[in-house]
Amino acid sequence: MKKSPGVMRHPFPLKQSVYGLAGVLYLVFLLMTLSSVPFHPDESTYIYMSRDLDRIIAGGPCAVCWKAGNESDPLQVERERDSPLTRYTIGLARIVTGISATPSNWNWSAGWEQNLGQGAVPSAGLLLAARIPQALLLFLAVLLMARIGWQLCGEVGAVSAAVLLALNSQVLLHARRAMSEAGLLFGMILVIAIILERKESAGKLFRVFFFPLLAGAALALAALVKYSGLLTAPSALAGIFLGYRADSLRRILLRGLARSGVMVIVFLLVFLALNPVYWCNPVSTLSAVIAERQSLLGEQVAALRLAAPSLVLDSFPVRLLAVPYQLFLAPIAFWDIPNYAQITAGAEHAYLSNPLNALTSGGILSLLWGVLSLSGLALAVIRGARRGGDGRMRILVVWFLSVFGGIVIGVPILWQRYYLPLIPVCAALSAVSVAAVVNDLPRRIRKSQSAPMDK
């Protein structure tokens, strides 16, 4: 009997090796350049609040629990304003490196020298340690972005989505600071990556239980980094309802509701388990969180209206225009308000001297990024709107609309980092455009080559 010839396979194919090497080089780049990222005073607040992890270790989770009557406690106010996961990651980095947190929170009403004298300016070693977890989360976010691109349009989509996120100028600045942006991007991308992994051929146990369980846990992690991570909730629900075909609308609704119930329960369990601020009185804590966040936003708007009224977005049309401006036209914003711009100017100039840090900060590449994003959105809408259309494209459109709508409705100030959640979905949309062009290119080349022969 004749044996079919075997195929020799190298254990480490060249293409995978190249991708792996690119990933390693990117991680090295992130870690080696952390110290060059200009300091933002909010980093001091996150480092200062990272002591919550020390408090939990020393006195148990209830040591950081919200308590009625402590409204004037500045620590409790900070816990009402922000989700806890970023300060926990910074606290863990400090404990591992043996470095203490800053003894004082940043005072925006005081000058740089006064904050320095009070110990609010972190040392270079402390700042570096606090930034390392954020760089690692950004790296993981880029890997997950590649997976999303793969699910949407194969290898070309994977490479395009990962590169567009990894080298985005706004991402490289804001997500390498000791703040919540890297974790937020990671959490939101994780939700979408899990949603796109659903398969009709999967077993019933996975479809009914494990898939919504993973989606709920990922959504909780996103919200534990920053409450705006909840902007991916509509995408998660879209994946639950659009993920599998059924014989009737009634079955789609019933199965979708059952899976959504599992997702919501898991979300609440994970969110509450990792956020002991809510443990003592969950309902009152949630009410206080909503009130404080509204109060903070009101204070920011009032302060900007006096200091920089052009940054206040009073009308709906202006908010709509602010989105493409911040994504595709605006230069990278090192600060929100220029209280300390003169002191940080030197670091900003040095940062911009590295061309990798400003590839999409204005210019032709930014315009190309905008064209690719809008073209990808149009393609996703067309492919998803067809009868029996691509469910992944529908989820992609829901992802864009939910984040876009949330920002337009909820962000009345022109602060660049508040628009950062739109960058991953724009990277995915751009990847759809790039894949459409690249995948269609061979057909066009063959057609152009055959045209002279037909004459």
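According to the working numbering, the sequence shown holds residues 54 to 508 in order.
All C-beta atoms, glycine included, are put in the ideal place defined by N, C-alpha and C.
Nearest-angstrom Cα distance between Ala518 and Pro287? This structure cannot speak to residue 518, because the chain is shown only from 54 to 508.
Excluding sequence positions up to five away, which residues of its chain have a Cβ less than 6 angstroms from the Cβ of Tyr331? On the sequence shown, residue 331 is found 278 positions in, with the first residue counted as 1. Leu325, Thr338.
Apart from the five residues on each side of it in sequence, which residues of its chain come closer than 6 angstroms, Cβ to Cβ, to Ala400? Against the sequence shown, residue 400 aligns to sequence position 347. Hits under 6 angstroms: Pro91.
Who are the Cβ neighbours of Arg132 in its own chain at under 6 angstroms, not counting the five residues just before and after it? In the sequence shown, the residue the question calls residue 132 occupies position 79. Taken in chain order, the residues that qualify are Val330.
Could you please give me the residues that DSSP links to Val365 through a beta bridge? As a working note, residue 365 is residue 312 in the sequence shown. Its beta-bridge partners are Ile466.
The alpha helix (DSSP H) enclosing Trp165, as first and last residue numbers: Taking the first residue of the sequence shown as 1, we reach residue 165 at position 112. Membership of Trp165 in the alpha helix (DSSP H) is indicated by the continuous run 165-170.
In whole angstroms, give me the CA-to-CA distance for Leu74 and Leu80. Sequence index remark: in the sequence shown, residue 74 carries index 21 (1-based). Sequence index remark: in the sequence shown, residue 80 carries index 27 (1-based). Rounded to whole angstroms, Leu74 to Leu80 spans 10 angstroms at the Cα level.
Three-state secondary structure (DSSP) of Lys279: Position 226 of the sequence shown, counted from the first residue, corresponds to residue 279. Lys279 falls in the coil class under three-state DSSP.
In chain order, what residues of the same chain have a beta carbon less than 7 angstroms from the beta carbon of Gln511, not counting five sequence neighbours either side? For residue 511 there is no data in the structure shown, the boundaries of the chain being 54 and 508.
Taking only the alpha-carbon atoms, compute the straight-line gap between Phe239 and Met316 and give it to the nearest angstrom. Along the sequence shown, one-based indexing puts residue 239 at 186. Along the sequence shown, one-based indexing puts residue 316 at 263. Looking at the two C-alpha atoms, the distance is approximately 19 angstroms.
Using the Cβ count rule (16 or more neighbours within 10 Å means buried), how would you classify Gly429? Mapped onto the sequence shown, residue 429 falls at position 376. Flag for Gly429 reads buried.
Can the beta-carbon of Ile466 be found less than 8 angstroms from the beta-carbon of Gln353? As a position in the sequence shown, residue 466 is number 413, starting the count at 1. As a position in the sequence shown, residue 353 is number 300, starting the count at 1. Taking 8 angstroms as the Cβ cut-off, Ile466 and Gln353 qualify as a contacting pair.
Is Arg229 closer than 8 angstroms to Ala188 when the C-beta atoms are compared? On the sequence shown, position 135 is the one that residue 188 refers to. On the sequence shown, position 176 is the one that residue 229 refers to. Yes. Within cutoff.
Express the C-alpha separation of Cys479 and Val456 in angstroms, rounding to a whole number. Here residue 456 corresponds to residue number 403 of the sequence shown, with the count starting at 1. Here residue 479 corresponds to residue number 426 of the sequence shown, with the count starting at 1. Near 11 angstroms, if we compare the C-alpha coordinates of Cys479 and Val456.
Excluding the 5 residues flanking Ser57 on each side, which residues of the same chain have their C-beta closer than 8 angstroms to its C-beta? Position 4 of the sequence shown, counting from 1, holds the residue named residue 57. With a pLDDT of 43 at Ser57, under the threshold of 50, the modelled position of this residue cannot be trusted; read the value that follows with caution. There are no such residues.
Between the alpha carbons of Pro377 and Pro114, how many angstroms are there, rounded? The sequence position of residue 377 within the sequence shown is 324, counting from 1. The sequence position of residue 114 within the sequence shown is 61, counting from 1. Pro377 and Pro114: Cα-Cα distance of roughly 42 angstroms.
Roughly how far, in whole angstroms, is the beta-carbon of Pro175 from the beta-carbon of Ser97, given that I think they are within contact range, below 8 angstroms? Position 122 of the sequence shown, counted from the start, is the residue given in the question as residue 175. Position 44 of the sequence shown, counted from the start, is the residue given in the question as residue 97. That belief holds up - the Cβ atoms of Pro175 and Ser97 are roughly 6 angstroms apart, short of 8 angstroms.
Span separating the alpha-carbon of Lys55 from that of Pro66: Translated into positions along the sequence shown, residue 55 becomes position 2. Translated into positions along the sequence shown, residue 66 becomes position 13. Since pLDDT at Lys55 reaches only 42, below the 50 mark, its modelled position is unreliable, and the value read off the structure follows with that caveat. Their Cα atoms are separated by approximately 29 angstroms.
Where does Ala231 fall in DSSP's three states? In the sequence shown, the residue the question calls residue 231 occupies position 178. It is coil, neither helix nor strand.
Simplified DSSP assignment, three categories, for Ser70: The residue labelled residue 70 in the question sits at position 17 within the sequence shown. Note: Ser70 maps to helix in three-state DSSP.
Could you have a look at Lys55 and say whether DSSP puts it in helix, strand or coil? Counting from one through the sequence shown, the residue named residue 55 turns up at place 2. Residue placement at Lys55 is poorly supported in this model, since its pLDDT is 42, which falls under 50; the coordinates still yield a value, given next. Three-state DSSP puts Lys55 in coil, outside helix and strand.
Would you tell me roughly how many angstroms separate the C-alpha atoms of Val71 and Arg200, rounded to the nearest one? Position 18 of the sequence shown, counting from 1, holds the residue named residue 71. Position 147 of the sequence shown, counting from 1, holds the residue named residue 200. Roughly 17 angstroms separates the two Cα atoms.
I need the straight-line Cα distance from Val77 to Ala356, nearest angstrom please. Residue 77 sits at position 24 when you count from the first residue of the sequence shown. Residue 356 sits at position 303 when you count from the first residue of the sequence shown. Cα to Cα, Val77 sits roughly 43 angstroms from Ala356.
With the cut-off set at 8 angstroms, would you say Thr285 and Ile343 are in Cβ contact? Locating residue 285 in the sequence shown gives position 232, where the first residue counts as 1. Locating residue 343 in the sequence shown gives position 290, where the first residue counts as 1. No, Cβ-Cβ distance for Thr285 and Ile343 is not below 8 angstroms.
Does the contact criterion of 3 or more C-beta pairs under 8 angstroms hold for the region 142-162 versus the region 179-186? yes
What residues in its chain sit with their C-beta under 7 angstroms from that of Val487, if we drop five residues either side in the sequence? On the sequence shown, residue 487 is found 434 positions in, with the first residue counted as 1. Around Val487: Val209, Ser213, Leu425.
Alpha carbon to alpha carbon, how far is Cys206 from Leu249? Give it in angstroms, no decimals. By one-based count along the sequence shown, residue 249 stands at place 196. By one-based count along the sequence shown, residue 206 stands at place 153. Inter-residue distance for Leu249 and Cys206 is about 12 angstroms (C-alpha atoms, whole angstroms).
Out of Leu83, Trp161, Pro265, point me to the one whose CA is closest to Gly227's CA. Locating residue 227 in the sequence shown gives position 174, counting from the first residue. A small fix is needed here, since residue 227 is His in this sequence, not Gly. Closest option to His227, Cα to Cα, is Leu83.
To which residues of the same chain is Val60 closer than 8 angstroms at the C-beta, ignoring the five residues directly before and after it? What you label residue 60 is simply residue 7 of the sequence shown in a count that begins at 1. Confidence at Val60 is low in this model, with a pLDDT of 42, below 50, so its placement is unreliable and the value that follows should be read with caution. Excluding residues within five positions, none has a Cβ falling inside 8 angstroms.
Could you check whether Gly309 and Arg251 sit closer than 8 angstroms to each other, using their CB atoms as the reference points? Numbered from its first residue, the sequence shown carries residue 251 at position 198. Numbered from its first residue, the sequence shown carries residue 309 at position 256. Inclusion of Arg251 and Gly309 in the CB contact set at 8 angstroms is not warranted, their separation being larger than that value.
Would you call Ala121 buried or exposed, if buried means 16 or more other Cβ atoms sit within 10 Å of its Cβ? Numbered from 1 along the sequence shown, position 68 holds the residue referred to as residue 121. Burial call: exposed.
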